[in-house]
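Counting from 362, one number per residue, gives the positions in the sequence shown under my numbering.
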Amino acid sequence: MYDTIIIGSGPAGLSAAIYARRALLNTAVVEKEPFGTGAIAVTERVDNYPGLFGISGYELGEKFREQAEALGTEFIEGEVTSLEKNGAWNITLSDGSTLQSKTVIYAAGTKNRKLGVPGDDKQKISYCAVCDGVFYKGKTAAVIGGGDTALGDAIYLSKIAETVYLVHRRGEFRANKSLQKKVSEAANIKLVLNAVLNEVTGGDKADGFVYTQNGERKTLSVDGIFCAVGSVPNTAVLKGVCELDAGGYVVAGEDGKTSAEGLFAAGDVRTTPLRQVVTAAADGANAATSAERYITEQSE
Ligand code: NAP
């Protein structure tokens, strides 16, 4: 029986592990990918995590993980297929094995939202500029979206590709101002605004797209398309287990407490106004502290 099982090994899960181990809780992290550190691993550069200005996302994730490991966290590879409270929490993994724990910290993050237009399938579109950008040296690429990810991807690709089209459905970006400034300074990023995507064209690989701009249907040929239209929470296994909001995010306050006793949520899966590495790390700390208090209260 574990004191706490943390589901997810991104910044929220690893921070929860660090705090749980410092509270001497018998702690395991269940992770889908071995040696994972979550979505941060494919962020080129992080400029807003205090004290580590300009660090690569990969390196930051590795640092979190090394710290959790050094403090004695156990890592278990597996995909959680169900969670059930039956006195203790019973967690079933896809290989059929089960784990028991007094508390669970759910920090499974989010997955990429798809474009939802004809031609939107994995073979044709990339979801990771840092992973696939190298294939676009001297070529043209389009990035779809107007948030931090889309603008960050466009800036990254502009250093490799000849031309990057940044395609957004509105006339203004929701991305932070410093990314917007960098985009406006990159000579080879061309903005395609108020452009609603209708279709991705091409065979096994995208070769362009159809879009509507000011009521007019247009086409643009590119060598590749990068999708950055946000994310959806990985909370399918929590349906019926605890309260989720309309978008599928876990309803939980800053202390991570969910509607289910002994189940805590941390990071991007939680209802929160800000989803950043720093808030995920803070969430992990809070959730582990709440889990420790819960265990103490139960034993009194
Ligand atoms: P996001 O902020 O949700 O932005 C998604 C973008 O995609 C929006 O511009 C949205 O348009 C657009 N969009 C959504 N659905 C669409 C569709 N079906 N077709 C076309 N466009 C669509 O997602 P994100 O950029 O991935 O960021 C997620 C979170 O991570 C945010 O909290 C962000 O701050 C954080 N993040 C931070 C950093 C950093 O600090 N360096 C880097 C990456 C991400 P509208 O604007 O019209 O809604």
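Note that the Cβ used here is the ideal one computed from N, Cα and C, for glycine as well. Quick caveat: nothing in here was measured; it's all calculated off a predicted structure.
- [ ] Look at Leu518 and Tyr497 and say whether their C-beta atoms are less than 8 Å apart.
- [x] yes
- [ ] Tell me whether Glu420 sits in a helix, a strand or coil according to DSSP, three-state version.
- [x] helix
- [ ] In angstroms with no decimal places, state the Cα-to-Cα distance between Val390 and Leu624.
- [x] 14 Å
Open item on the list: Restricting to Cα atoms, I'd like to know which of Glu392, Val557, Glu653 is closest to Glu577.
Closed with: Val557
Open item on the list: Since Ala536 and Gly508 should fall inside the 8 Å C-beta cutoff, what is the C-beta to C-beta distance between them, to a whole number of angstroms?
Closed with: 5 Å
Open item on the list: Checking the sheet assignment: what are the DSSP bridge partners for Gln461?
Closed with: Asn451
Task: Environment of Asn595 [buried if 16+ CB atoms lie within 10 Å] - done: buried
TODO: Alpha carbon to alpha carbon, how far is Ser545 from Lys463? Give it in angstroms, no decimals.
DONE: 51 Å
- [ ] Could you have a look at Ala556 and say whether DSSP puts it in helix, strand or coil?
- [x] strand
Open item on the list: Considering only the alpha carbon of each residue, which of Val571, Pro372, Glu405, Asn447 lies closest to Ala429?
Closed with: Pro372
- [ ] Measure the beta-carbon distance from Val528 to Val553 and round it to whole angstroms, keeping in mind my assumption that it falls under 8 Å.
- [x] 4 Å
- [ ] Consult DSSP for Asp364 and reduce its assignment to one of helix, strand or coil.
- [x] strand
Task: Where the beta strand (DSSP E) containing Thr586 begins and where it ends - done: In the sequence as presented, Thr is not what sits at residue 586; that position holds Ile. Unbroken beta strand (DSSP E) run through Ile586: 585-588.
Task: Inside the stretch 464-544 only - beta strand (DSSP E) runs reaching at least 3 residues - done: 471-473, 501-505, 524-528
Open item on the list: Could you pull the DSSP bridge partners for Ala567 from this structure?
Closed with: Gly563
Open item on the list: Just to confirm before moving on: does the CB-CB distance between Gly439 and Gly399 stay below 8 Å?
Closed with: no
Task: Burial state of Gly645, where buried means 16 or more other Cβ atoms lie within 10 Å - done: buried
TODO: Could you give the DSSP three-state label for Arg636: helix, strand or coil?
DONE: coil
Task: Proximal residues to Leu512 (C-beta, below 6 Å), its chain only, five neighbours per side dropped - done: Ala536, Leu540, Val544
Open item on the list: Give the residues whose C-beta lies closer than 5 Å to at least one heavy atom of the ligand NAP, in chain order.
Closed with: Gly506, Gly507, Gly508, Asp509, Thr510, Arg530, Arg531, Arg535, Val590, Gly591, Arg636
Task: Distance between Leu432 and Ala384 (C-alpha atoms, nearest Å) - done: 10 Å
Open item on the list: Given this structure, state the Cα-to-Cα distance separating Arg474 from Ser592, to the nearest angstrom.
Closed with: 5 Å
Open item on the list: Please return the same chain residues whose Cβ sits closer than 7 Å to the Cβ of Ser443, not counting the five positions on each side in sequence.
Closed with: Thr453, Val598
Task: Chain-order list of residues whose beta-carbon lies under 8 Å from that of Ser458 (same chain, five-residue window excluded) - done: Gly439
Task: Residues sharing a beta bridge with Ala626, DSSP - done: Tyr467
Open item on the list: On the DSSP letters alone, give me the boundaries of the alpha helix (DSSP H) that Ala547 sits inside.
Closed with: Premise fails: Ala547 is in no alpha helix (DSSP H) and is neither H nor E.
TODO: Assign Cys492 to buried or exposed, taking buried as 16 or more other Cβ atoms, counted over all protein chains shown, within 10 Å of its Cβ.
DONE: exposed
Task: Spatial neighbours of Ala621 in its chain, beta-carbon cut-off 7 Å, leaving aside the 5 residues before and after - done: Lys446, Val602, Cys603
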